[in-house]
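Residue numbers (the numbering used here), protein chains in the order written: chain Z, 206 to 319; chain R, 98 to 212. Encoded as structure tokens, the structure appears first; notes follow it.
Below, the structure is given as structure tokens:
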């Protein structure tokens with residue numbers, strides 16, 4: 206069965222510093238897609254970044270980037286120049302190319318300290 | 098552009114009561130999903146639909162039923178609410194099959210409390 210593990214229930218970072226959130230997954234598929242979602246206190250689920258497994262280049266979106274290690278089945282999220290608005294729950298998600306279903310991790314709560 | 102709209106946003110029920118949560122999307126998406134979110138457990142898939150008139154069970158389907166009579170709507174029903182169904186419920190939608198990296202678009206959630 207596919208699983209997604211986020212081993213850090215909570216992280217803290219100083220404003221303007223860099224933080225990395227961990228995500229590992231288990232899958233038997235060779236082709237799949239990975240996502241990071243942000244959930245602020247407003248409860249909205251907002252897509253942060255996505256990565257296709259067949260792409261070797263790590264995805265970046267402004268201050269957000271990933272370190273995708275396919276062999277290690279690792280998909281960490283790096284947030285640079287952290288801002289107060291980055292404080293939220295962050296969820297890692299996986300979808301195999303042959304399935305409709307997304308598997309979510311349990312989330313990491315990020316606190317940003319002023 | 099409304100995106101995914103969930104109704105209601107908040108509801109309190111008594112054990113044994115029934116209710117229906119409505120999800121409506123205006124993006125012409127084929128796939129729709131219902132999740133529940135509980136502390137420390139992330140999002141767990143209840144049911145999903147890959148098109149009008151189709152539904153399928155997810156990870157935690159017991160105690161819930163769904164219907165997708167119209168492409169834009171996906172209804173989640175609780176026939177006899179139980180305290181274990183106290184949760185925040187999210188609906189999501191996505192475009193069709195040949196768009197692999199497309200993400201799900203989420204509604205704002207419904208907080209449901211069962212007393």
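Here a beta-carbon is modelled for each residue, glycine too, at the ideal position from N, C-alpha and C.
Look at the beta carbons and you see the stretch 200-207 of chain R not touching the stretch 143-163 of chain R: under three pairs across the two are nearer than 8 Å.
Listed along chain Z, no residue sits closer than 9 Å to residue 166 (chain R) by beta-carbon distance, the nearest being about 19 Å off. Not a single CB atom of chain R sits nearer than 8 Å to the CB of residue 243 (chain Z). Distances from the alpha-carbon of residue 267 (chain Z) to those of Z:247, Z:282, Z:317 put Z:282 closest. CA-CA distance, residue 303 (chain Z) to residue 319 (chain Z), rounds to 44 Å. Secondary structure of residue 174 (chain R) (DSSP, three-state): strand. By the C-beta criterion, the stretch 214-227 of chain Z is judged not to be in contact with the stretch 156-171 of chain R, since fewer than 3 inter-stretch pairs fall below 8 Å.
For the pair residue 148 (chain R) and residue 223 (chain Z), the Cα-to-Cα distance works out to about 42 Å.
Residue contact check for residue 159 (chain R) against chain Z: no CB pair falls below 8 Å. Judged by DSSP secondary structure, residue 250 (chain Z) falls outside any beta strand (DSSP E); it is assigned neither H nor E. In the structure shown, residue 199 (chain R) adopts coil according to DSSP, grouped into three states. Take the alpha-carbon of residue 284 (chain Z) and the one of residue 211 (chain Z): they are about 16 Å apart.
Nearest neighbour of residue 225 (chain Z) by Cα position, chosen from Z:279, Z:237, Z:235, turns out to be Z:279. For residue 250 (chain Z), the closest alpha carbon among the candidates Z:238, Z:306, Z:293, Z:259 is that of Z:293. In the structure shown, residue 289 (chain Z) adopts helical secondary structure according to DSSP, grouped into three states. The three-state secondary structure of residue 281 (chain Z), taken from DSSP, is strand. At the C-beta level, residue 187 (chain R) and residue 145 (chain R) stay beyond 8 Å of one another. Residue-level contact by beta carbon fails for residue 163 (chain R) and chain Z, as no gap is shorter than 8 Å.
Any Cβ of chain R closer than 8 Å to the Cβ of residue 312 (chain Z) would place that residue at the interface, and such an atom is present. Under the Cβ criterion of 8 Å, residue 257 (chain Z) is counted among the residues facing chain R. Residues 258, 259, 302 of the same chain have their beta carbon placed closer than 7 Å to that of residue 236 (chain Z), with the five preceding and five following residues left out of the count. Put simply, of Z:233, Z:239, Z:247 the residue whose alpha carbon is nearest the alpha carbon of residue 290 (chain Z) is Z:247.
Closer than 8 Å to the CB of residue 186 (chain R) there is not a single CB belonging to chain Z. About 17 Å separates the beta carbon of residue 134 (chain R) from that of residue 190 (chain R), a gap too long to meet the 8 Å contact definition.
Assignment of residue 182 (chain R) by DSSP, reduced to helix, strand and coil, places it in the helix class.
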